[in-house]
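Everything below concerns the one structure shown next.
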Amino acid sequence: MILQRTLKDSITLTGVGLHSGKAVQLTLKPGRPGQGISFVRTDLPNLLPMAGHYRNITNTQLATTLGRGQGSISTVEHLMSALQGAGIDNASVEVDGPEIPIMDGSAQPFFDAIRTVGVESQRQSRPYLALRRKVEVQVGDKWAMVEPSSKFEVHGSIDWAHPSIGYQEFHYIEGHTSFSEISRARTFGFLRDVEALKRMGLARGGSLDNAVVLDESGVLNPEGLRYANEFARHKVLDALGDFKLSGVAIRGYFRLHRAGHDLHSQLLGAIFRDPDNFEIIDSGMYIPRRAPGIRAALAGRLAATVG
Ligand SMILES: [Zn+2]
């Protein structure tokens, strides 16, 4: 059994919104057991908190956007990925605008902040979803599938006819692969698309400081790539964040080819559409305060699992 986890304390980060180009303040706060990840727009006090859940996804173009009523929050995936990588079950995410700040285009600034403040176990077991059979979705030459596995693992591959990309892949296995292997991989885009987005009033905050930008022949960032397969690593980073929107820890082997936010959300929808696809395993165990021996033993096991 693994216990649920939250942050030891609150953290505030500031950055710019990728699309608005405006300054954004982001605060992460500890959450209570069973809460999950919830999102709050502090600039819209009448808007109720929204669950970080795939059913609240309103847009998957360019980024994953959650929405409720008149309020939305976009680009949640890199933060969700950092929360997944840090093993956080419960937290409140407060932001004073419609976007999570883009930071450097990766999940590293969020992951560093979480590690600085620390993570603590809570007195409630963590349920998990076990796949019972293969589920897959396909759109043209893009596909995403998940099969039963005793672990959470994601294999991502892309194949683009571009001198800096080509075929590349990355395989993340929770408990075996360090999250640091993918957390630094940045989002990427083509200069022609960035220019078109800017003409549409989008990507105003986009720059070489928060994305890998490519033209027809190569990478424009003077510092180059952080990894030869940074693109595939970022695809896996995105997938970890999007799959955390299932609202439950998943044990399954995901394989994704040329997939993106839309296919990730379609795959979650396909899993949950048929209850025969999965079962939720929950020991329902609650550890009373006066059981320090059990808690210490469980905490030791947890530390060994998370690494
Ligand atoms: Zn991304």
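All residue numbers in the sequence shown are consecutive under the numbering used here, ending with 328.
Backbone N, C-alpha and C fix where the C-beta goes; we use that ideal spot for every residue, glycine too.
None of the values given here were measured: they were computed from a predicted structure.
Please classify residue i: is it buried, with 16 or more other beta-carbons within 10 angstroms of its beta-carbon, or exposed?
i: Gly273; result: buried
i: Met124; result: buried
i: Asn111; result: buried
i: Thr35; result: exposed
i: Thr96; result: buried
i: Met221; result: exposed
i: Arg76; result: exposed
i: Arg322; result: With a pLDDT of only 46 at Arg322, under the threshold of 50, the placement of this residue in the model should not be trusted, and no figure is reported.
i: Tyr193; result: buried
i: Leu212; result: exposed
i: Leu39; result: buried
i: Asp295; result: exposed
Excluding five sequence neighbours on each side, which residues of the same chain lie with their C-beta closer than 6 Å to the C-beta of residue i?
i: Gln129; result: Ser204 and Arg205
i: Ser146; result: Met22, Ser304 and Met306
i: Asp30; result: Val138
i: Ala84; result: Ser95 and Thr96
i: His183; result: none
i: Leu261; result: Ser102 and Gln105
i: Arg26; result: Gly108, Ile109, Asp110, Val140 and Ser142
i: Pro70; result: Ser59 and Val61
i: Thr33; result: Thr48
Could you check what DSSP says for residue i in three-state terms: helix, strand or coil?
i: Ile292; result: helix
i: Asp214; result: helix
i: Ala128; result: coil
i: Tyr307; result: strand
i: Gly321; result: Any reading at Gly321 is ruled out, since the residue's pLDDT is 47, under 50, leaving its predicted position unreliable.
i: Leu100; result: helix
i: Ser31; result: coil
i: Glu237; result: coil
i: Leu284; result: helix
i: Ile121; result: coil
i: Lys43; result: coil
i: Ala260; result: helix
i: Lys50; result: strand
i: Phe252; result: helix
Can you name, in chain order, every residue of its own chain whose Cβ lies under 8 Å from the Cβ of residue i, other than the five neighbours on each side?
i: Arg207; result: Asp125, Gly126, Ser127, Asn231, Ala232, Val233, Arg247, Glu251 and His255
i: Asn242; result: Leu229, Val233 and Val234
i: Lys265; result: Ile58, Gly73, Met101, Ser102, Leu104 and Gln105
i: Ile135; result: Leu28, Ile32, Leu49, Ala103, Leu104, Ala107 and Ile109
Please list, in chain order, all residues of the same chain as residue i whose beta carbon is under 7 Å from its beta carbon, the five residues on each side excluded.
i: Ala291; result: Val156 and Val158
i: Ser93; result: Thr79, Thr86, Leu87 and Pro119
i: Gly42; result: Arg225 and Gly226
i: Glu195; result: Lys172, Phe173 and Glu174
So what does residue i bridge to, in DSSP terms?
i: Gly177; result: Phe191 and Leu277
i: Leu24; result: Ser146
i: Ile302; result: Tyr149
i: Phe60; result: Met71 and Val114
i: Val37; result: Ala44
i: Asn80; result: Thr86
I'd like to confirm something about residue i: is its beta-carbon nearer than 7 Å to some heavy atom of ligand 2, or not?
i: Thr198; result: No copy of ligand 2 occurs in the structure displayed; its ligands are ligand 1 alone.
**Prompt:** Would you call the segment 81–94 and the segment 242–253 touching, i.e. three or more CB-CB distances under 8 Å?
**Reply:** With the cut-off at 8 Å, the segment 81–94 and the segment 242–253 do not touch.
**Request:** Kindly confirm or deny that the segment 163–174 and the segment 271–289 touch, where touching means at least three C-beta pairs closer than 8 Å.
**Result:** Judged by Cβ distances under 8 Å, the segment 163–174 makes contact with the segment 271–289, as three or more pairs qualify.
**Message:** Contact between the segment 58–68 and the segment 109–117 is defined here as three or more beta-carbon pairs at a separation below 8 Å; is this criterion met?
**Reply:** These segments touch.
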